[in-house]
Every structure is written in structure tokens, then in C-alpha cells.
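Visitor: Those protein sequence lines, which keep their order, are chains A and B. Residue 227 in our numbering is what sits at position 227 of the first sequence, and the numbering runs on without skipping anything. Residue 218 in our numbering is what sits at position 218 of the second sequence, and the numbering runs on without skipping anything. Heads up, the beta-carbon is just placed ideally off N, CA and C, and yes, glycines get one too. Mind looking over this structure? Questions follow.
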Amino acid sequence: MLAVCIKSENLKIRRSYIWLAFLFIPVVPAVMGTQNYLNNLGMLKNEWYSLWTQVTLFYTDFFFAPLVAIYCSYLWRLENQNKNRHLLLTAPVKACDIFLGKLAVIIRITLLTQLWIFALYLIAGKLARLPGFPPPLLFLYIARGCLGGIAVAAVQLLISMQLRSFAAPVAIACIGSITGFLASNSRFAVYYPYSLMVVGMNANKSEDMLSGNGAVFFISCLAYLTLSCTAAILLLKRQDVKA
Amino acid sequence: MNQKNAVIKTKNLTKSYSSAHAVQEVNLAVPEGCIYGFLGPNGAGKSTTMKMLLGLIKPTDGDITVLGTPLVRAGKSAKEKERLSVLKQTGSLIESPSYYGHLTGRENLEILCTLKNVPQSEISEALSIVRMEKQQDKKAAHYSLGMKQRLGLAGALLGHPKLLLLDEPTNGLDPAGIQEMRELVRSLPETCHMTVMVSSHLLSEIDQMADYAGIINKGRLIYQDSLLRLHEYSRRQLCLRTDNNSRAMAVLNENRIDCRLEGGFLTFAETADEKTAYLISALVKEGIGILRVEERQKSLEDIFLELTGKQVSL
């Protein structure tokens, strides 16, 4: 039944605004990061690495979590409008498939966003006349960023499901982003969901933020993912539906 | 009512919120193949009851059995598997119609087909039943309320459910829309072999659509039987006041005439002319003075008001 739910979620986001957010919002941190890089060429001498630190600085610290929050809020807003929750929750599908179906769609868009920001980074690098291609280590960072991103997506999808507002979960994500940025320099970085993306992508750092901490990072991502899903599914099953 | 063939059965169904009972000890019995009108003033607990039947709201106490499957026992919900097996055979339209505004009517139905695991070929059939073929490629947000309501009904019909729950399906429609929706609902038991439970706060509407009626007021079910029975209450009565009602009763009983004493009046179920003449002459012969002779007829509205004890929109 999960496949059925994923298919129906995909049908729902046809011609939706979610794709506009996907397309345009990552452009902002890419431009800001590149600008910052070009303005500080005196200090930033590591070419592709340096550009990466600047682009990811803006992307992970300020834009990523709110962007995912917008995806999640949009998906639940579809159900909050016109009492569609009645429709969804009287369909003969399991509560867990309903949530996981939505999560699958969010994960797909999150991964596409990661690819898109990487593409923007490549374009920016080429426009900045950087030689050759980025070092392979960055692919590991992107992959780690995906993991952190999935954890944030699960948390945000749960928040959007419960709050029934579009803006409030996005505001939470903004606050999460800023506190995540602050926490990313502390030893709690791998335990705070909004820092996971920052440390995963190794934003604004030349040395690896996760050196020796990889396993904890992985377990932390998995824990936030599982906890959010379990909480959401239990709530969907047990709560009275308010449309 | 034959309890065995009840498609929906509830026992002492109750939903309480912290301070108030929204629904209290309701025992529904909806017979198979009928249109069951669920009638009550606004806020009486109609929607809450129907949402409990669908599992959207969890009851505080009581039992629910739908299509032979027990869904709730003493306030405890059955396993999800059971609920899903019932939902597969149930179509519903709760409160205002649900739709995704940025998608066309047909795309909305495609989503429902996917979720219900029903072939997409059923869409055209459902659209033709609600006469929406021509508007199927318009965005649902641009539909009129009547069209949205019909789209909702088309969605509920997908998968040929055995049971259809419609909560105030004519709410907010114009007279033509009401007429159309009513005819549509009326035709479903025969054309689609469905049992339909339809709620309304309008007695006249239930009167025109339903075979059975349940009347709910302040969370309690105060009447449940066939609509014919309800109509029997509205038969004509002859009412008589005399200067000695108790003696008159004795005289009439001697003459084997059925009557009841109600509020100072002797009332008779029969109003035929010759019977009237006969009973009056019998009383006069005994020297009983006749003070008033009236013919009364209760309308369904009167009965409804008597039952619910409050003024409602009719």
C-alpha cells in the first residue's frame, strides 16, 4: 500500500508551487556564497573547497531547513484545505503508509534539492573560472548532507502535520536553522537535528567536522528519522481527525 | 426492524469531550438497501456520529459494527485491518466536499482511484452518474459548490461501495442543486445496490429521500423507525371536549369506541363522518354536554418539534 500512497502523493504535487520553491530558493544561497567567495579571494585560497565552504555556509545554515519546511507544510496544507484530511483518512490505506508516502515524496524532493545545489555550485565554480572539477571528497559531504536532510525532513513533516499552519513550521525551521548554526560549533552538533545538515555538509569549515564522529552522526540521523515517523504514525492512528 | 440485516449497528455509542457529551448512548440500526435519513438540528451530533462510524473520531464508549465487521467494542477500536476492510466498501462525503483545488475534477478522481485501488476506468462511469463529464477537465477550485458536491459524490461512488455515508450533501446548494442531489441519492439503492445513510437538518429533505429515519437531538437518538411510522403520527384526529369527560369515556367504552383522554380532550383516531355522528349521538343520548368538536392534524414538523423540543429551520 505504500506504493499506492506514494503514487497518489505524486499525483497531488502535479502543477504545484512546490517546484517553484525547489527551483528558485537554492539559487539565493548559491549566489550569496559565490559573492562571498569572490569578495574574499585574499583569504579563501582553496579554490573548489573554498567555494564549497561559502555556498554551503548560506545553504545549510539559513536556507535548507526552511526550504524543507516549505515542502512539508505545502504537502500537509493540501490536506488541511477543503477538509481533505477526511478524504485521506477514510481511504482504505494504513496510517503508516499515509505518513511514509508523504515522507518518500519529501525525501525525493530533498535529494533533488541536494543535486540542484551541487549543480549550482558547479555552475558558480565554472563562472568563477575555477580550474578542473571539485575534489571527490565533496561527494561524501553531499551524501552526508542527504542523510542529515532526511532527518530534518522527517521532523518537519511531523511538525507540519500537527500544527496545521503553513507559516509556523517554517518559522520553527528558521529558528532551528539559526540555533543549528550556533550548535554546529559545539560538541552537541551531532545530537541536534538542525545541526546535522551543517556538520554533514561540512559547511564553512576546512577540516572535517565529523572526523571520528561519523557513526554517531549516522545513528543520530536514523534516530530522528525513526522517532519522527513513529510519533507521526501513532498520532495519525489515535488522534481524532480535525478537518 | 430486522437487526440481522443492519448494515450499521451501534450500541450505546458515546463521545464525550471534557465537559459535554456530543453523542450519548446512541443505538443505530441501518437496514440493508435502504436510505436512512439521519435527522437533527444543527449541533445535535450528526457529523460526530458519522465520523465515528468512519473512524475519523474515536468513540469514548459503545460498540460499532459496520457491514458485519465490529469496529469498536466498548470504546476500544478494532485493528486497523478491520477498519480498512470496511473502508474499502464504504464511500463517504463528510461535511463540505473535499478536493484538491489546483487539480482538475478528473485528476482528483485519479487520486481517489489510486488510493482505493480501483481501475481508472471507473472514473468515467462515476462522472456520468453525477453528470460531470463536461466539467471534468476544469480545475476543481473553479467549480461551483454544486459541482464540488457532485465531484465529492463521484469520488464516494468509486469502487462501487456497499455503503454510502453522506453528511448534509445538500448544504449550501441552490434549489436546483438540491433537487438534483436528492434525485441522485434517491436512485442509488436501486441503480448501484447501495445502502445510503444521509444526514440533514431539514425534515422535508429526509421526508423526500429516505425510507428510514433516525432523529438525534442533543446527542441522543430520540426516534428511529421507518418514515411511514413517522407519518402515522401525522394522521388526522378527532378531538372532543365534554362537560363530563370521565362519564363520556365510560359511555364510549360501553359502545366499544376507542378513545384516549389527552389534555382535557377525548381524541379519536378515526374521523369518518358516520362514526363522528354515531359517537356524538351516543353521548348526547346519555345527557352529556358537548362543548367542542375539532379535527386536528399534526404535521411532520409538529412531530419533529415535539420530539426535539426546539425550533429548527425547516
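1) Using a C-beta cutoff of 8 Å, does Arg187 of chain A count as contacting chain B?
2) Using 8 Å for Cβ pairs, my map puts Leu203 of chain B next to Phe304 of chain B. What's the rounded Cβ distance?
3) Determine whether the beta carbon atoms of Arg67 of chain B and Ser92 of chain B lie at a separation below 8 Å.
4) Please confirm if Leu87 of chain A has its CB atom under 8 Å from at least one CB of chain B.
5) State the CB to CB distance for the pair Val130 of chain B and Ala154 of chain B, rounded to an integer number of angstroms; the pair is presumed to be in contact (CB under 8 Å).
6) Using only alpha-carbon positions, find the residue among B:Lys81, B:Pro97 and B:His102 that is nearest to Asn84 of chain A.
7) Using a Cβ cut-off of 9 Å, pull out every chain A residue sitting near Lys58 of chain B, in sequence order please.
8) Quick one, which of A:Ser211, A:Ser73, A:Ala231 and A:Lys12 has its alpha-carbon nearest Leu109 of chain B's?
9) Counting only C-beta atoms, is Pro92 of chain A closer than 8 Å to chain B at any point?
10) Hey, could you find the ends of the beta strand (DSSP E) Ile35 of chain B is sitting in?
11) What separation, rounded to the nearest whole angstrom, lies between the Cα atoms of Thr53 of chain A and Ile178 of chain A?
12) Considering only residues of the same chain and omitting the five flanking positions on each side of Ile69 of chain A, which have a CB-CB separation below 6 Å?
13) Check distances from the C-beta atoms of the region 6 to 24 of chain A to those of chain B and list, in chain order, the residues that come in under 8 Å.
14) Name the chain B residues whose beta carbon is nearer than 7 Å to that of Leu235 of chain A?
15) My guess is that Leu103 of chain B and Lys139 of chain B are in contact by the Cβ rule of under 8 Å, so how many angstroms apart are they, rounded?
16) Would you give the residue range spanned by the beta strand (DSSP E) that Arg296 of chain B belongs to?
17) At which residues does the beta strand (DSSP E) containing Asp61 of chain A begin and terminate?
18) Spell out whether any CB of chain B is found under 8 Å from the CB atom of Leu78 of chain A.
19) Is there a C-beta anywhere in chain B that falls below 8 Å from the one on Gln81 of chain A?
20) Interface residues of chain A around Ile94 of chain B at Cβ under 9 Å?
21) Run down chain B in chain order and give the residues with a C-beta less than 9 Å from the C-beta of Ala95 of chain A.
22) Just grab the DSSP bridge partners of Asn217 of chain B for me.
23) Please check if any C-beta of chain B sits within less than 8 Å of the C-beta of Val4 of chain A.
24) At what residues does the alpha helix (DSSP H) containing Asn108 of chain B begin and finish?
25) Report the CB separation of Val72 of chain B from Thr49 of chain B in whole angstroms; it is logged as a contact under 8 Å.
26) Curious, which full-length beta strand (DSSP E) runs of at least 3 residues does the region 240 to 264 of chain B contain?
27) Give a yes or no on whether the minimum CB-CB distance between Ser47 of chain B and chain A is below 8 Å.
28) Go to Asn204 of chain A, then tell me how far its beta strand (DSSP E) extends in each direction, as first and last residue.
29) Using a Cβ-Cβ cut-off of 8 Å, state whether Gly101 of chain B counts as contacting chain A.
30) Label Gln297 of chain B either buried or exposed according to how many other C-beta atoms from any shown protein chain fall within 10 Å of its C-beta, with 16 as the threshold for buried.
31) Figure out for me which residue from B:Ala141, B:Ala210, B:Ile123 and B:Thr191 has the closest Cα to the Cα of Leu166 of chain B.
32) I need the boundaries of the alpha helix (DSSP H) containing Gln239 of chain A, first residue and last residue.
33) Since I believe Ile215 of chain B is in contact with Ile39 of chain B (beta carbons under 8 Å), could you give me their beta-carbon distance rounded to a whole number of angstroms?
34) Does Ile8 of chain B have its Cβ less than 8 Å from a Cβ in chain A?
35) Count the other C-beta atoms from every protein chain shown that fall within 10 angstroms of the C-beta of Glu294 of chain B, then say buried if there are 16 or more, exposed otherwise.
36) Trp76 of chain A: which of A:Ala91, A:Phe166 and A:Leu138 sits nearest, CA to CA?
Guide: By the coordinates alone:
1) Stepping through the first sequence from its first residue, residue 187 of chain A is reached at position 187. No, its Cβ sits nowhere closer than 8 Å to a Cβ of chain B.
2) Residue numbering aside, residue 203 of chain B sits at position 203 when the second sequence is read from its first letter. Residue numbering aside, residue 304 of chain B sits at position 304 when the second sequence is read from its first letter. The C-beta separation of Leu203 of chain B from Phe304 of chain B comes to about 5 Å, placing the pair in contact by the 8 Å criterion.
3) As a position in the second sequence, residue 67 of chain B is number 67, starting the count at 1. As a position in the second sequence, residue 92 of chain B is number 92, starting the count at 1. Note that residue 67 of chain B corresponds to Leu in the displayed sequence, not to Arg. Contact check for Leu67 of chain B against Ser92 of chain B fails: the beta carbons are separated by 8 Å or more.
4) Indexing the first sequence from 1 puts residue 87 of chain A at position 87. By the rule that beta-carbons nearer than 8 Å mark a contact, Leu87 of chain A touches chain B.
5) What you label residue 130 of chain B is simply residue 130 of the second sequence in a count that begins at 1. What you label residue 154 of chain B is simply residue 154 of the second sequence in a count that begins at 1. Yes, they are in contact, since the Cβ atoms of Val130 of chain B and Ala154 of chain B sit about 5 Å apart, within 8 Å.
6) The count along the first sequence starts at 1 and reaches residue 84 of chain A at position 84. Checking every option, the nearest Cα to that of Asn84 of chain A belongs to B:Pro97.
7) What you label residue 58 of chain B is simply residue 58 of the second sequence in a count that begins at 1. Contacts between Lys58 of chain B and chain A, judged by CB atoms closer than 9 Å, involve Arg238, Gln239 and Asp240 in chain order.
8) For this step, residue 109 of chain B is matched to residue 109 along the second sequence. For the options A:Ser211, A:Ser73, A:Ala231 and A:Lys12, the alpha carbon positioned closest to that of Leu109 of chain B is the one of A:Lys12.
9) The residue you call residue 92 of chain A lines up with position 92 of the first sequence. Contacts with chain B at 8 Å (Cβ-Cβ) include Pro92 of chain A.
10) Stepping through the second sequence from its first residue, residue 35 of chain B is reached at position 35. Counted as a single uninterrupted DSSP element, the beta strand (DSSP E) harbouring Ile35 of chain B occupies residues Ile35 to Leu39.
11) Residue numbering aside, residue 53 of chain A sits at position 53 when the first sequence is read from its first letter. Residue numbering aside, residue 178 of chain A sits at position 178 when the first sequence is read from its first letter. Annotation: Thr53 of chain A to Ile178 of chain A spans about 17 Å, alpha carbon to alpha carbon.
12) As a first step, residue 69 of chain A must be located in the first sequence, where it is residue number 69. According to the sequence provided, residue 69 of chain A is Ala. The question's Ile does not apply to it. When the five nearest sequence neighbours on each side are left out, the beta carbons in the same chain lying within less than 6 Å of the beta carbon of Ala69 of chain A are those of Gln156, Pro169, Val170 and Ala173, in order along the chain.
13) Considering only beta carbons, the part of the region 6 to 24 of chain A lying closer than 8 Å to chain B consists of Lys7, Ser8, Leu11, Lys12, Arg14, Arg15 and Ser16, in chain order.
14) Counted from its first residue, the first sequence places residue 235 of chain A at position 235. By Cβ distance, chain B contributes nothing, its closest Cβ being about 12 Å from Leu235 of chain A, past 7 Å.
15) Locating residue 103 of chain B in the second sequence gives position 103, where the first residue counts as 1. Locating residue 139 of chain B in the second sequence gives position 139, where the first residue counts as 1. With 8 Å as the limit, Leu103 of chain B and Lys139 of chain B qualify as a contact, their Cβ atoms being about 7 Å apart.
16) Position 296 of the second sequence, counted from the first residue, corresponds to residue 296 of chain B. Counting along the chain, the beta strand (DSSP E) containing Arg296 of chain B begins and ends at Ile290 to Gln297.
17) As a position in the first sequence, residue 61 of chain A is number 61, starting the count at 1. In the DSSP assignment, Asp61 of chain A falls outside any beta strand (DSSP E) and carries neither an H nor an E.
18) Looking up residue 78 of chain A in the first sequence gives position 78. Leu78 of chain A counts as touching chain B.
19) For the purposes of this step, residue 81 of chain A is identified with residue 81 of the first sequence, where counting begins at 1. Taking Cβ atoms only, chain B reaches closer than 8 Å to Gln81 of chain A, which makes this a yes.
20) Residue 94 of chain B sits at position 94 when you count from the first residue of the second sequence. Those are Lys83, His86, Leu87, Thr90 and Ala243, listed as they occur along chain A.
21) On the first sequence, residue 95 of chain A is found 95 positions in, with the first residue counted as 1. For Ala95 of chain A, the chain B residues whose Cβ falls inside 9 Å of its Cβ are Glu80, in order along the chain.
22) Numbered from its first residue, the second sequence carries residue 217 of chain B at position 217. B:Arg220, per the DSSP bridge assignment.
23) Stepping through the first sequence from its first residue, residue 4 of chain A is reached at position 4. Interface residue, yes.
24) Counting from 1 along the second sequence, the entry for residue 108 of chain B is found at position 108. Element bounds for Asn108 of chain B: Gly105 to Lys116.
25) Mapped onto the second sequence, residue 72 of chain B falls at position 72. Mapped onto the second sequence, residue 49 of chain B falls at position 49. In this structure Val72 of chain B is not in contact with Thr49 of chain B, their Cβ atoms being roughly 12 Å apart against a cut-off of 8 Å.
26) Listed in chain order, the complete beta strand (DSSP E) runs (minimum 3 residues) inside the region 240 to 264 of chain B are 260 to 262.
27) As a working mapping, residue 47 of chain B is identified with position 47 in the second sequence. Cβ-Cβ to chain A under 8 Å: no for Ser47 of chain B.
28) Locating residue 204 of chain A in the first sequence gives position 204, counting from the first residue. Element bounds for Asn204 of chain A: n/a, residue is neither H nor E.
29) Residue 101 of chain B sits at position 101 when you count from the first residue of the second sequence. Chain A, which has a Cβ nearer than 8 Å to the Cβ of Gly101 of chain B, makes this yes.
30) Taking the second sequence and counting its residues from 1, the one referred to as residue 297 of chain B is at position 297. Exposed, since its Cβ has fewer than 16 Cβ neighbours within 10 Å.
31) The sequence position of residue 166 of chain B within the second sequence is 166, counting from 1. Checking every option, the nearest Cα to that of Leu166 of chain B belongs to B:Ala210.
32) Taking the first sequence and counting its residues from 1, the one referred to as residue 239 of chain A is at position 239. Gln239 of chain A -> no alpha helix (DSSP H), and no H or E assigned at all.
33) Taking the first residue of the second sequence as position 1, residue 39 of chain B is located at position 39. Taking the first residue of the second sequence as position 1, residue 215 of chain B is located at position 215. The amino acid occupying residue 39 of chain B in the given sequence is Leu; Ile does not appear at that position. Yes, they are in contact, since the Cβ atoms of Leu39 of chain B and Ile215 of chain B sit about 5 Å apart, within 8 Å.
34) Along the second sequence, one-based indexing puts residue 8 of chain B at 8. Ile8 of chain B is outside the set of residues whose beta carbon lies under 8 Å from a beta carbon in chain A.
35) The residue given as residue 294 of chain B occupies position 294 in the second sequence. Taking a 10 Å sphere around the C-beta of Glu294 of chain B, we find fewer than 16 other C-beta atoms and assign the residue as exposed.
36) For the purposes of this step, residue 76 of chain A is taken as residue 76 along the first sequence, with counting starting at 1. It is A:Phe166.
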